[in-house]
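Q: Numbering (the working numbering), first residue to last: 671 to 786. Beta carbons: idealized from backbone N, C-alpha and C, even for Gly. Since we're looking at a predicted model, the values are computed, not measured.
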């Protein structure tokens, strides 16, 4: 005999509908503050996986607000004069800029930066 999946309201696992406006309270998101640059532990890594053999430089380990993360990514891209992106907590720069980016980050106050 084959087992059938349960269907019905009990399989949905919780509240389906309520006329009470207070029933579905959303949790307020915590405000993440960006630590000082000297407290950030950034790693600068070269990578070529799944990029058709092209080398990219990755900057990982940034903690803080999204606006500050995007600003740092833009500053690095502008300084390198090349393309890239800043998303999912990783700044991706097209090309081999590992030593230059590590030096710039240390110069900008990110003293715990490591070129891995």
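Given a cut-off of 8 Å on the beta-carbon distance, is the pair residue 763 and residue 726 in contact?
A: In the chain shown, counting from the first residue as 1, residue 763 sits at position 93. In the chain shown, counting from the first residue as 1, residue 726 sits at position 56. The answer is yes: Cβ separation under 8 Å.
Q: Quick one: give me the first and last residue of the alpha helix (DSSP H) that residue 754 is part of.
A: For the purposes of this step, residue 754 is taken as residue 84 along the chain shown, with counting starting at 1. Premise fails: residue 754 lies in the beta strand (DSSP E), 754 to 757, not in any alpha helix (DSSP H).
Q: Which residue spans inside the segment 699 to 758 form an unbroken alpha helix (DSSP H) run of at least 4?
A: List check, alpha helix (DSSP H) in window: 736 to 750.
Q: Taking just the CA atoms, how far does residue 750 sit from residue 767?
A: Position 97 of the chain shown holds residue 767. Position 80 of the chain shown holds residue 750. Going from the Cα of residue 767 to the Cα of residue 750 covers about 8 Å.
Q: Does the distance from the CB of residue 783 to the CB of residue 714 come in under 8 Å?
A: Taking the chain shown and counting its residues from 1, the one referred to as residue 783 is at position 113. Taking the chain shown and counting its residues from 1, the one referred to as residue 714 is at position 44. Against a cut-off of 8 Å, the Cβ pair of residue 714 and residue 783 comes out as a contact.
Q: What's the C-alpha gap between residue 738 and residue 757?
A: Along the chain shown, one-based indexing puts residue 738 at 68. Along the chain shown, one-based indexing puts residue 757 at 87. Whole-angstrom Cα-Cα distance: 12 Å.
Q: Just to confirm before moving on: does the CB-CB distance between residue 641 and residue 772 stay below 8 Å?
A: This structure cannot settle anything about residue 641, because the visible part of the chain is limited to 671 through 786.
Q: Would a C-beta distance cut-off of 8 Å place residue 707 and residue 753 closer than the cut-off?
A: Along the chain shown, read from residue 1 onward, the residue named residue 707 stands at position 37. Along the chain shown, read from residue 1 onward, the residue named residue 753 stands at position 83. No, these two residues do not count as a Cβ contact at 8 Å.
Q: In three-state terms, what does DSSP make of residue 782?
A: Taking the first residue of the chain shown as position 1, residue 782 is located at position 112. Three-state result, residue 782: coil.
Q: Which residues mark the beginning and the end of the alpha helix (DSSP H) in which residue 695 is found?
A: Counted from its first residue, the chain shown places residue 695 at position 25. Taken as a continuous stretch (DSSP letters only), residue 695 belongs to no alpha helix (DSSP H), as it is neither H nor E.
Q: Under the assumption that residue 735 contacts residue 702 (Cβ atoms under 8 Å), give the Cβ distance between them as a whole number of angstroms.
A: Position 65 of the chain shown, counting from 1, holds the residue named residue 735. Position 32 of the chain shown, counting from 1, holds the residue named residue 702. With a Cβ gap of about 6 Å, residue 735 and residue 702 count as contacting.
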